[in-house]
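Sequence lines, in order, name chains Z and B.
Residue numbering for the first sequence follows full-length UniProt numbering, starting at 1 and increasing by one per position.
Residue numbering for the second sequence follows full-length UniProt numbering, starting at 1 and increasing by one per position.
Number of protein chains: 2
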Amino acid sequence: MSSYKPAYFRVASVDPSQPPQQPQQPQQHQQQSTTDPAEFVRDLLAKEACCEATSVRPLFCQLDQLNSVPGPDGLSLTQVWREKFRWIKFEEELEVTGNRWSVPYVPVLSPFSVMEARRQLDSGLTLLMKVDSDDGPAAAGGLKCIAEEVEANLVTRLGTDAAEEVKRLLLTRHINFVEKVEDKDEENAGRKTNKKYRKKVHKDAEGCSIMVGAVQTLRAPVSVFVRLEQPLKDEPLMEIDLPIRFLYLLLGPKPSALSDLVLVAKAVATLMTDEIFHKVAYLANSKVELIAGVDEFLKCSSILPPIGCSLTDRIPPPMEKPNTEHRHADQKEPQEPAVVEHGEAEGLQRTGRLFGGLVQDVKRRAPWYKSDFLDALHPQTIGSFFFIYFACIAPIITFGGMLSDATNGYLGAMESILSGLICGVSYALFAGQPLTILGSTGPVLVFETIVFKMCDRYHWDYLPFRWWIGMWTALLLLVTVALDLSYLVKYITRFTEESFALLIAVIFVYEALAKLFKISSDYPVNKYWHPKHEVIVECECLPNDNLTELIPVPPKMARQLPTYRDGNVTVANFSAMDYYSWDHDLFWRTCPQYGGVWVGRGCGLFNVPDVFFFSCLLFIATFFLCYTLKKARASSLFPTFVRRLISDFAVMIAICVVTSVDYIMDLHTPKLLIPVSFEPTLGYTYRGWVVRPFGNNPWFTSLIAIGPALLATILVFLDQQITSVIVNRRENKMRKGAGFHLDLLVVAVCIAINSALGLPWFVAATVLSINHVLSLREESECTAPGERPVLLGCRENRVTGLLVFLCIGLSVFMSPLLRHIPMPVLYGVFLFMGVASLNGMQLFDRFLLLLQPRKNQPDMACLREVKLWRVHLFTGIQLGCFALLWVVKKISLISIAFPLMVLSLCFARKLLDYVFTRNELRLLDDLLPEQKLEETIRLRRRSRMSTAVDLEELAQAEDDEQEKAV
Amino acid sequence: MSSYKPAYFRVASVDPSQPPQQPQQPQQHQQQSTTDPAEFVRDLLAKEACCEATSVRPLFCQLDQLNSVPGPDGLSLTQVWREKFRWIKFEEELEVTGNRWSVPYVPVLSPFSVMEARRQLDSGLTLLMKVDSDDGPAAAGGLKCIAEEVEANLVTRLGTDAAEEVKRLLLTRHINFVEKVEDKDEENAGRKTNKKYRKKVHKDAEGCSIMVGAVQTLRAPVSVFVRLEQPLKDEPLMEIDLPIRFLYLLLGPKPSALSDLVLVAKAVATLMTDEIFHKVAYLANSKVELIAGVDEFLKCSSILPPIGCSLTDRIPPPMEKPNTEHRHADQKEPQEPAVVEHGEAEGLQRTGRLFGGLVQDVKRRAPWYKSDFLDALHPQTIGSFFFIYFACIAPIITFGGMLSDATNGYLGAMESILSGLICGVSYALFAGQPLTILGSTGPVLVFETIVFKMCDRYHWDYLPFRWWIGMWTALLLLVTVALDLSYLVKYITRFTEESFALLIAVIFVYEALAKLFKISSDYPVNKYWHPKHEVIVECECLPNDNLTELIPVPPKMARQLPTYRDGNVTVANFSAMDYYSWDHDLFWRTCPQYGGVWVGRGCGLFNVPDVFFFSCLLFIATFFLCYTLKKARASSLFPTFVRRLISDFAVMIAICVVTSVDYIMDLHTPKLLIPVSFEPTLGYTYRGWVVRPFGNNPWFTSLIAIGPALLATILVFLDQQITSVIVNRRENKMRKGAGFHLDLLVVAVCIAINSALGLPWFVAATVLSINHVLSLREESECTAPGERPVLLGCRENRVTGLLVFLCIGLSVFMSPLLRHIPMPVLYGVFLFMGVASLNGMQLFDRFLLLLQPRKNQPDMACLREVKLWRVHLFTGIQLGCFALLWVVKKISLISIAFPLMVLSLCFARKLLDYVFTRNELRLLDDLLPEQKLEETIRLRRRSRMSTAVDLEELAQAEDDEQEKAV
C-alpha cells in the first residue's frame, strides 16, 4: 500500500533554478515508479469492498463555525459551534438571516483549498479506527472519550495547553439552525432536530461533523480527522439525529481569516460527500490511502478558468448526473448498451409456432394475476384513478363529438362512452399489459370519416358495412396474433412514426379550425347590419297549399322535428326546446321539405347574431386555458401538489369553466349531441344497439369490406403496438413482463364486439398510457436536495384501469350535464391536443433548424456529427412523405388508401439506407420507442437554447426539480 | 525574481512515509519563505507594465492536431496540421463534420492537465525572446528561421534525429477549416483565411499557434514554447491573418493517446487566452515568472467536483463576466461604488442661486449644440429614426383615442399628433437632454379624465378651465426651475416609484377591459335570438306630429347628424356614411330628441349583432400579437436583424394586421374618431385652435384652477424627472452631460402653449426614452464569440428626435387611414402596455413570493439577507399604499387629490426607516433609477428559476447573446 506515489504531483518538486531535467512523458503508462491515483483507488475499493461491503454508509455532512455569543450572564462571551453549511449530495448554505437555507448548488472549490485540505489530512492528526460494520452500540464514553483520545494524540505535536484547548473545543456546544442560542442552557433535554430534513437522508446514513474556527490561543493550525470504530449516537452535534462516524476539526491561529479556513473545511466536506471518496474514507487503512482518494477526486474533477466561474457562484445541480461510470472499478459492462431491436425485446421474438407468442404471454402474466389486484392496495392508486378518469373522459367526449360530426350522429359521445366501458373493462381484466389505456385515436377517427363518406357516396348503410369491416379486421388481427407478426414492429423507426404523428397533429389542428369555421356557415354573421337600423327580418314558415311529395327524412333531422311523428306538417310549430342540437342547414331546409314555404321580407337575409364570434371566443378560451393550465406544473407558484393537480386536470378544468361561461351567456351555440337517457345518439328510431350485418346493403359489400379491413388492420396494429412498446420499454422498470400478443387479441375481440354493437373502436392511446404509467411509478423516497428521485418501478395493477372504465361507463348518466358542452369547446380541446403533440417532436425541432441562423441552432447531437445540408435533406424527405400522406388523405377517391401509405413509409425509410450513412441514420433516426425520452432530455441538458420543449417532459423534469428540500 | 517559491505546492514534497512534519499554517502570511503567486504576478505586471505597456496585445489562439492525409500521389500518407479548436475569449471546437463550429463555451480543464502543462512549460524548451513593442517588421527569415533555432536548442536534449523531426513538423503545412486538403499543393498562392471571423478579433490582436501531435519516431515528449521578438507575418499557420507572436508545440511518442496530449495543449491555450496570464506571457523574463503566472491562474480558477461537471460538458458563457477585479494590481478603488444620491448626481445639485441650475445647464450644453447635429451623421441614426417614429406614433394615437373617450372628443388623436409636433420639436431643439422622448403618459391621462369629470359635474367649460390649470402649472414649474427644486428627486425611491407604477399599470389594464366591455352596452348582444326564428325586429324612426322642444345638441352628436345642419329634422334619413364613429347611445336617443318616435314591434329588442364579440376578438388578437411579436427578439428563428425589426415594430405590425382584418370583415366596429382633414376632432363648430381663457365659465374658476395645477405640477415633475434621471444614469455613458432644469423649463413652456391651443400635455415617457437611448448606443465592434459587447457611449444628437416629431406632425395627413383603426385594437395595445410594465417590477416579483413555496423562491439578493416575513411585510405595506391610491382615484369626490397621495408615498417611505433596518432597506428599496437595471440583471444571472422577466431587458440580453460568432 505504501507503494503509492501520485503520478501527477512531481511538478512542484522540480526546482526552477535547477537545470532542465530530461523530459518525461506526459502519460504515466510506461512509468512504473508512479501510480495513477484512480487505479490505486479502484484496486483499494475492489479489495476492501469484498470483505467489508456493509460498512460503507451514505454520509450527511454538516459544517459548523466557531462563534462567540453572549453568555448566560449576558455580559461575557461564550463560544459555540454554529451550523453554516450542509451537504447530502449538493451544498446548501445557511443564509445570513439564519433561518433560510440556500438553494442546493454544486460546491465550487478553489484548487488551492483542495490541495491545502490534502496537505492537512496528510500532515495533521488522522485517526482511522477500524469501522465496526455491525450496527452495534454507540461509542463507549461518547464524545468525551474521543476528545480525550484526540488530546492525548495531540500533546506531543502541540503541547499540553493547545491539546487541552482542542479537547475543550471538541466538547463545546453545537447550535444548529432549528435551535436558538437561548436554548443552550437547557442542555440535551430540549434538543431540537430537523425531523423533516431527516427524511431526505438515507435511513442508514451516518454523519460527518465538521468544525472550523479561528482561535486566539493557538500558535499553529490544527487539523484532526477521526473515523470512529463505533458511531456516536445521541450526541447533539448535528441538525439531524444520525450516528456520527466522522469528525473533522480545523483550527487556525487567530490572525488567519476564518473564511480561508472555511474554504479548506468545505473542500473536506465536498470530499466526504463524493461518491468515491466517501467509500475511501470508510475503507482506508492508512493516511496514504486517504490521500490517494483525494488525488482520485482531483483527477475526476474539472477546473473552470476565472472567466467561467467564481467561487461565490451558486451553480444549479445538473439536470442529469454527469457520467461517472469510469470511476467504479466493478462496472465493466459497456456504458451505452448496444441498441436492441424491438424484435429482440422481451415478448416480441418469433416463436415459429402457431399462437406461440400468445401462449408465452399467458404463461408470463398468469402468475402475476392475483398480485395485479393486490398491488393496487396503495394510496397512490387512488390519485392515479382520479387523474386517469378525468384524463380519459375528456378525450372520449371530444372524440365522441368529432365522430358524431363525421358520421352524422351514427357514432357519437354516447357510443364512445359505451365503447370505453366494454373495451376498457375487458382490457383491464384480460390484457397482457393492463397499464396501457385504450381510447379513440386520430388515425381511427380519420378512417371512420373516410368509410362514412364512402358509404354516403355509394348509398350504402353505414353501420352494416362497418359491421363487415370490423369482423374482417378482427379476423386479420387474429391471424397476426397467431403468426406472432408483432415482431414486425422493429421496422418502424422514428422516421415513420414522426411523419405519421405529424400527419395526425396537422389533422387535429386542421379539423379543429375547419369545424370552427363551419359554424359560421350554420350560424351566418350578419354582414348587412347597418347603423341606419333598417334591419327587417320577417320570415315565417307557412303551410303551402300545393303539398308536394315528402323527401326521405334524414335521421338527425327527424330527431329535431317531433311534430313529424304525428304526421302533421305544421312546421310553424317547430319548438327549439325539443332539439338536441340546432343545425341551421337542416332547419333552413326543413320547411320546404315538408311542403312549407318561408314567407317574409327578411328571408333572404337570414343570419344568426353573435353565435359565430362567441364560438370563436369559447374556442380560443378553451385552447388557451388548456395550454396555460397544462404548463402550470412548471410554474414556481403554489406547492407542488396543487400545481400537479391543476396540470393533470387542465383539460377538465378548461371544459368546465368555458362551458359555464357559455351556459351563463345562453347564446344558442352548437352543443354536444347526446341523448338525455341511455339510448343511441340518434335514438332507437334510426339505430338499435345491435347492427344487422347487411341492412339494406347488397351482399357483395361484405366482400368489399375486406379492403378497408386490411387497411384498418394496419392502422390498429401500428397504433396498438407502438404504444405497447413505449409502455413496456426498459426505463419504466416493469417487473411483470409484457404481453404484446395477448393485448392485440383483446383489442381484436373488442373490435368485433364494438362493430356488432355499432360502437367506435378503441386502441391503445399513447399519451394516456404514458400518463397512467407515470402516475403509478414508485420512486426512491429519500432524495437529496437538488437530486432527482430514482425510479424504482411501477405499481403494475389492473384495478386502476378497471375502475376508470367502469366509472366512464357510469358517465352515461351524466348526459344531461354533457349536453351543455358547446362544440367549440371540444374543438378547442382538439386543437390543444394537436399543438401539444407537435411539441417534443424531433421532426419539428429539425424543421425549425431550417429557419434558424446557424449560430442560433441548438447543440443537437445530430448537428455535431452530420453536415447541416444532410440534416435538411433528411427533414425535407420526411416533410415530403408527410405532404404525400396529406394529399392522399385529401383526395377523396383514394383517401381510403392512406393506411397503406403509412405502411409505405416503412419502405421509404428502408430506401434512405442508400442515401445516408449508417452513422448519420443513427443520429437522425432512432429505433424510436426505446430511446426517444432519454435522447430529448440529454439534448436539453446540453443546450440551454433549446426552443421546443415537450410539455409532459418539461413538467416531469420540473417536478423532479421541485422535489428539493425545504 | 528567482525568489518565487509557490506557496501552495509543498504538498507533494511531503513523503507520506516520513514522520509527520511540524504542522504549518494554512495561510502563508507569516511565512516569508514562500510567495503568493497572485502577489508575485501583480508585482511583475505592475513593474513591467510601466516600462513596456504597449507590447501586450489581445491574443487569438488556434490549436491544430497532427493528422495524416493521403498524399499528392493518392497512395502514401502525408502529415498536416489540422485546425481543431480556437479561442478568443471562450473555446470553440470544430465539430467532427469539419465545417461547423460549436457554440462558444467555457473551457473545462482537468486539474492534472493544467499541472502537466505547468510541468511541460517548466521542463520543456521555453524560448522567451524579448518582445519588440513597436509594430516593426516581421521576423526575419520567417518560420524557417525559428524552426532552425528550435532545432538547435533541442539537439542537446533529444539528439539530432528527434530535433530534426521537430523542425520538420514545425514546417509542416497547416490546413484550417476554410481550406480543403486538396488545396495543399497550391502552396501559399491560394491561401484562404476566414475574413468574417477576423472582425471578431481585436484589430491589434496577435496570434498564438498551438500544435499537438503523437509521433511514431519520438522516444520522449517534446514541449516547445516560443515567444518571438518580431511576430511572424503572412505565415499560413492560422485560420485568420494575424501576426503570430507565440508558438507552442507539444509532441508525444506514438503510443500515448492524442486526446491526452490535446488536454494539455488546451490547458496552455486556455492560459494564453486568460486575462492575466496572457500579459504574463508577454512580459515574463524567465520561466519562473511564466510558472508563477500558471499558479496565479490556478489560484483564481474554480474546481467543480465530479458530481457537478464533466470534461465533455459545454458550459455556456456566463451572462455577466465573473468579477476579476482582485486579479488586477493597479485597480485600487472600491469595486462597488458607494451609492450616490441623485441629488449629488451631475446637474442635480442645489446652486442656491435663482435659476442657478438652469444657467449651469445652458452653459454645459451650449458647447455641444453644433455637435448635437453633426453627431447624427451616422447610418445608425436612420435606423433609430424609423424605430422611434413607429414606437411613438402608436402610443400617440392610442392615447389620443383614450383621451377622446375620456374627454368626449375635446382632446383626441388629432390634438395628440399636433401636441407631439409642438412639444417634440421644441424639446429636440431646446432641451438639455434631447435623447429624452416626450409622450402622453398614464398619470396625465388619469388627471385629464378627473378634470373633465369635474367640469362635467359643475357644468364648466372644459377647455377654458384647463387653460387656467395649464397656465398655473407652467408657472409652478417655472418656480421649480428657478429654485433648483429638481434636487428633491432624491426622496423618490423604488418604493414610491413602483407603488405609483403599479397604479398606472393597473389603470391601463382596468381601463382597457372597462372600455372593451363598454362596447357591449353601445352594441348590445342579442340575447333574445332563438332558433325558433321568430326574430322580428321592426323598428323605424318616424316623424312625430307633436313636435316637442329641441334639446341642446351635444357636440359629438352634432358631427354625426349632418342633417341637423339644414335645420330639418328628417331623422329617417340618417346616413351612416357621414358618421365619423357610430355611437349607439347617441343614435338611440337621437330620434326622440328631434321629435321623432321609434315605431315597430322590435323596438324593445334593439341590438347590434356580432359587433361586441368581434371587438373582443380584435382586442385579444391585438394584445396577443403585440405580446408575441415583442418577444420575437428572444426567439432563435430568423437572423438577428429580422427579429429585432419584428420586435421593434411589434405594436405597429399588430395595429396594421388587426385593422386590416377589421376592414375586410367590415362590421361597423367603433373606430378611432379623427377628422378627415386638419381640424379639431370635434370640428370647428365646437372648438377652435385657440382656447378662450374663460369661455362660459365664472371668473373664479381661474383661481380654483390653482388647486388642480398644484397637483398637476407634482405629476409632471415626478414623471419628467424620474425619466430624466434614468436616461442620464451613469451606465449609459453620456458624454455631453444632463440638463434637468432646462428640460423642465421646456416642458413648462410646452404645457402653457398646449393649454392655450387645447392640446394634450406631453412629458418625458420612460419606455420610449430608454428605447431611444438603446437604439443609439455605440458598442465595441469586435466581440469574441460568447462575449457581450461593451457599451462605449451613445450617439447623442438632436436630429433623430427632431425628425421623428416632424414626421409625427406630418401624420395629420394620414387621418383618412387612421380612421379605419377600430377602438378595440387601441384598447388591446393599452392592455399590452399595462401588462408589459408589470413585468420586471420588483414589487411584482416580491408579490409572487407570497404565492411561492419557500423552496421554489428565486435566489433574490434580499431573500439571502432579510427574513422572509419582513420581505412580506414590506410588500404588504407597498400593496397597502397602492390600494389606498386606487381607492382615492376611484372615489370621484377626492380623486383629484391622487397626485397628492403619490407625493405622500415619499413620506410613507420615510416612515419605513423606523420599521426596517438600514440594511434591509438597502436590499428591499434602492435609490431607484441608478441601480434598477443592474440589479435585475444580476438577479437573473444568479437564479435560473426567475419567473418574471422584463421584456425589454430579456430582449437586450438575448440580443447580446445572439451576437456570437458564426
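Backbone N, C-alpha and C fix where the C-beta goes; we use that ideal spot for every residue, glycine too.
Source: prediction; values computed, not measured.
| Check | Outcome |
| --- | --- |
| List the residues of chain Z that arginine 864 (chain B) touches, going by C-beta distances under 7 Å, in chain order. | Glu95 and Val96 |
| Just by C-beta distance, which residues in the stretch 632-665 of chain B are closer than 7 Å to chain Z? | Ser636, Leu637, Phe638 and Pro639 |
| Short check: CB of serine 301 (chain B) to CB of proline 111 (chain Z), under 8 Å? | yes |
| At a cut of 8 Å, does the stretch 484-495 of chain B reach the stretch 897-910 of chain B through at least three beta carbon pairs? | yes |
| Out of curiosity, what's the CA-to-CA distance linking alanine 650 (chain B) and arginine 644 (chain B)? | 10 Å |
| Leucine 125 (chain Z) and valine 150 (chain Z): beta carbons closer than 8 Å? | yes |
| Rounded to the nearest angstrom, what separates alanine 784 (chain B) and isoleucine 674 (chain B) at their Cα positions? | 52 Å |
| Would you mind working out which of B:Glu148, B:Arg168, B:Cys61 and B:Leu759 sits nearest glutamine 79 (chain B), comparing C-alpha positions? | B:Arg168 |
| Tell me the DSSP bridge mates of leucine 304 (chain Z)? | B:Ser302 |
| Does the Cβ of aspartate 666 (chain B) have 16 or more other Cβ atoms within 10 Å, making it buried, or fewer, making it exposed? | exposed |
| Quick check on tryptophan 869 (chain B): buried or exposed, where buried means 16 or more other Cβ atoms within 10 Å of its Cβ? | exposed |
| Could you check which residue in B:Asp132, B:Arg364, B:Phe874 and B:Asn176 has the C-alpha nearest to that of leucine 228 (chain B)? | B:Asp132 |
| Which residues of chain Z have a Cβ atom closer than 8 Å to the Cβ of asparagine 323 (chain B), listed in chain order? | Ser310 |
| With three or more C-beta pairs closer than 8 Å as the rule, is the stretch 350-357 of chain B touching the stretch 766-782 of chain B? | no |
| Which chain B residues sit within Cβ distance under 9 Å of lysine 266 (chain Z)? | Result: empty, since nearest Cβ-Cβ is about 11 Å, beyond 9 Å. |
| According to the Cβ coordinates, are threonine 324 (chain Z) and leucine 109 (chain Z) closer than 8 Å? | no |
| Ignore the nearest five residues each way along the sequence and tell me which others in leucine 516 (chain B)'s own chain have a CB closer than 8 Å to its CB. | Ser615, Cys616, Phe619, Pro824 and Tyr827 |
| So threonine 270 (chain Z) contacts chain B; which residues on that side make the cut at Cβ distance below 7 Å? | Pro305 |
| Tell me which residue opens and which closes the beta strand (DSSP E) that isoleucine 244 (chain Z) is part of. | 244-253 |
| Check the DSSP bridge columns for proline 822 (chain B) and list the partner residues they point to. | B:Lys671 |
| Mapping DSSP to helix, strand and coil, what is cysteine 309 (chain Z)? | coil |
| When the Cα atoms are used, what is the spatial distance from alanine 621 (chain B) to arginine 86 (chain B)? | 47 Å |
| Between the stretch 718-728 of chain B and the stretch 449-460 of chain B, do three or more beta carbon pairs fall short of 8 Å? | no |
| With respect to the alpha helix (DSSP H) encompassing isoleucine 891 (chain Z), which residues constitute its N-terminal and C-terminal limits? | No alpha helix (DSSP H) contains isoleucine 891 (chain Z), which DSSP labels as neither H nor E. |
| Using the rule of at least 16 other Cβ atoms within 10 Å of the residue's Cβ for burial, across every protein chain shown, is leucine 682 (chain Z) buried or exposed? | buried |
| With a threshold of 16 other CB atoms inside 10 Å of the CB of isoleucine 382 (chain Z), please say whether the residue is buried or exposed. | exposed |
| Taking only the alpha-carbon atoms, compute the straight-line gap between serine 123 (chain Z) and lysine 736 (chain Z) and give it to the nearest angstrom. | 56 Å |
| What in chain Z is Cβ-close to phenylalanine 614 (chain B), meaning under 7 Å? | Phe613 |
| So that I know if they touch, is there some Cβ in chain B lying closer than 8 Å to that of proline 822 (chain Z)? | no |
| Just grab the DSSP bridge partners of methionine 211 (chain Z) for me. | Z:Asp64 and Z:Leu249 |
| Tell me which residue opens and which closes the beta strand (DSSP E) that serine 223 (chain B) is part of. | 222-232 |
| Within 10 angstroms of the Cβ of proline 698 (chain Z), are there 16 or more other Cβ atoms? Answer buried if so, exposed if not. | exposed |
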